[in-house]
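In terms of the numbering used here, the sequence shown opens at residue 254 and continues consecutively. Ideal Cβ positions, reconstructed from N, Cα and C, are used throughout, including at glycine. Note that the coordinates shown come from a computational prediction; the quantities given were computed from them, not determined experimentally. Written below as C-alpha cells is the structure these notes are about.
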Amino acid sequence: MVKDTEYYDILGVEPDATPTEIKKAYRRKAMQTHPDKHPDDPDAQAKFQAVGEAYQVLSDPGLRSRYDEFGKDDAVPKQGFEDAGEYFTAIFGGDGFKDWIGEFSLIKEFTDASEMFDENGNPKESNEKDSAGNPADSGMVKHDGKAASNRKADKLTKEQRSRMMELEKKRREEMAKQVDELASKLTTKLDEYLIAVKENHLDQFNRKLDQEIEDLKLESFGLELLYLIAKVYKTKANNFIISKKTYGFSKIFTGTRENARTVKSAYNLLSTGIETQKAMEEMNKVNPEELDQYERAKFENMIAGKALGMMWEMSKFELQQKLKEICNKVLQDKNVSSKVRIAKAKAMLYIAEKFASAKRSPEEAEEARVFEELILGEKEKEKQKKAKHKIGVI
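Right under this line is the structure:
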C-alpha cells in the first residue's frame, strides 16, 4: 500500500504499474496536456508540468520508493524538477538506443557548418583580413567599386576551409571513439546470447530483450531505428558467414552490393534534401495569417513532417555507416577465432530477427506520429530561445 496516489492518478496508472506502463502513460498524458495543443487554456502549462513531475518521480526507482513510503514532500529530485518542455524532448529523444547506436552527430555538425553560410547558401563574409588589412576574398568580386552581387559566392575563405577541416577531423575522431565503445557493448550482448544458449536459459535472455524492445519502441523514431539496426546486422552477419564458407571469395560480390546500397542511401538523402528545399520554397509563398484554423494546422503539420523527414534521412545515413563499422570491428577481430566469430554472427542474426519483428499497435503508431511532431516543435522553440538569448532579447 502506498502513502499517496496523486502521481499515479495524474498518469492514470495503478501503484503496481511496471516501468514500461508508466512510460507509456506519461507519453500519452504528455501529448494530451501539451500546451501547443491547448493554446487557449491558461492552465495548460501547469497541467503539463504536473504530468512531467509525476513521471520524473515514478520513473526513478529511488524516488518512487520514497514517494510510495513517505509521499510527495520526500520524493523531490536533488536538482529539483526539470522544465516540463525540456524533459519532454529529452526523455524520448532516442537516449534509450545509446548502447546500440551511440550519439547522432551529423545533424549537429550540419548545423555548425551551415552557420558559415547565409540563407541563400553562400559563404558569409569572414572577419579574416588580407596582408593589406582588407577583408579576405569570400567569393565576391568587385566591379567599378561595387560588389558583383549577382555572382554566386561559391568560394570558402581560408578561415572557413580551416573550420570545415576542424569539424571533419572532430567528427572522425568522435566516430572512431563511438565505434570502439559500441563494438565492446555489442560483443557483450552477443556473448550474453551465446551463454544463454549454452546454459539453456534462452527464455530468460528473450524476456530481457523483449522488454528492452518494448521500451525502445517508445523512443522517437524507435521502430524505424530497430528496423535499421536489424537490416545492417542481417547484411553484415550473413555476408561474414558466406565469406567464411567461400574462403573470402564472396567478399568481391557482397562488397560491391554494400557499396551500391551506400550510394543508394546517399542518393535518397540528396533527393530528400531537394524535395524538402522545393517544399520550403512553396511554403515561403504562403502567409499563415491568411489561413483559417484548419488550413493553418495542416500547413504547420506539413512543415513539421518535411523537417522531420530531412532530419531522419540525415541521421539514418550516418547511422548506417556507423553500424557497419561496429559490425566489422566485432566480426573482423583477428584476436578471436573464426569459429567464435561465426557464432557471434549467428547471435547478431538472432537479435536482428527480434528487432525486425517489433510492431506498433495502431494507437501507438498515431501516438508516435504526433509525439515526433511535438518533439520537433519543442526543439524549434528551444533553438529560438537560445537565439534570443544570444542577441540579448531575453
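For GLY265, the secondary structure class from DSSP, reduced to helix, strand or coil, is coil.
Within 10 angstroms of the beta-carbon of ALA598 lie 16 or more other beta-carbons, which makes it buried. GLU339 and ASP352 have their alpha carbons spaced roughly 22 Å apart. Going by C-alpha positions, VAL304 is about 7 Å away from LYS282.
Using a Cβ-Cβ distance cut-off of 8 Å, the segment 436 to 450 and the segment 574 to 589 are in contact, since at least three pairs of beta carbons, one from each stretch, lie closer than that value.
Judged by DSSP secondary structure, PHE458 falls within the alpha helix (DSSP H) whose first and last residues are 455 to 470. Within the same chain, no residue comes within 6 Å of GLU616 by CB-CB distance, once the 5 residues on both sides are set aside.
If you draw a straight line from the Cα of GLY324 to the Cα of LYS592, it is about 56 Å long. Beyond the five residues adjoining it in sequence on each side, ILE466 comes within less than 6 Å, by CB distance, of ALA611 in the same chain, given in chain order.
If you ignore the 5 residues before and after LEU435, its C-beta comes within less than 6 Å of the C-beta of GLY355, ILE579, all in its own chain and listed in chain order.
Exclusion of the five residues before and after ALA490 leaves CYS580, LEU584, ALA598, LYS599, MET601, LEU602, ALA605 as the residues of its chain whose Cβ lies within less than 8 Å of its Cβ. Along the segment 262 to 325, the alpha helix (DSSP H) occurs as fully enclosed runs of 4 or more residues at 272 to 286, 297 to 311, 314 to 323, listed in sequence order. Between PHE570 and the set PHE458, VAL485, TYR446, ARG414, the nearest pair of CA atoms involves VAL485. The residue among GLN285, TYR261, LYS331 with its C-alpha nearest the C-alpha of TYR308 is TYR261. If you compare the alpha carbons of LEU471, MET254, VAL589, GLN574 with that of LYS277, the shortest gap goes to LEU471. With contacts defined by Cβ atoms closer than 7 Å, PHE608 and ALA483 form a contacting pair. THR273 sits close to ASP468, with the two beta carbons spaced by under 7 Å. Burial is judged here by how many other beta carbons sit within 10 angstroms of a residue's own beta carbon; ALA328 has at least 16 and is buried. In the structure shown, ASN491 adopts helical secondary structure according to DSSP, grouped into three states. ALA297 places its beta carbon less than 7 Å from that of PRO288.
In the DSSP assignment, GLN413 falls within the alpha helix (DSSP H) that extends over 411 to 451. Within the same chain, Cβ atoms closer than 6 Å to the Cβ of PHE493 are found at LEU584, ALA598, the five residues on either side in sequence being excluded. Taking 7 Å as the cut-off, the Cβ atoms of LEU443 and ALA449 do not count as close.
Under the 10 Å beta carbon count, GLY333 is surrounded by fewer than 16 other beta carbons and is classified as exposed. In the three-state DSSP reduction, ARG613 falls in the coil class, being neither helix nor strand. For LYS351, the enclosing alpha helix (DSSP H) stretches over residues 351 to 354. Put simply, the backbone Cα of ASP269 is about 23 Å away from that of ASN459. Under the three-state reduction of DSSP output, VAL329 falls in the coil class, being neither helix nor strand.
Contact check for ASP321 and LYS256: beta-carbon distance about 7 Å, within the 8 Å limit, so the pair qualifies. Spanning the alpha carbons of ARG594 and VAL310 requires a straight line of approximately 43 Å.
Scanning its chain for C-beta atoms nearer than 8 Å, with the 5 sequence neighbours on each side dropped, one finds around ILE275 the residues LEU264, VAL266, TYR308, LEU311, SER312, in chain order.
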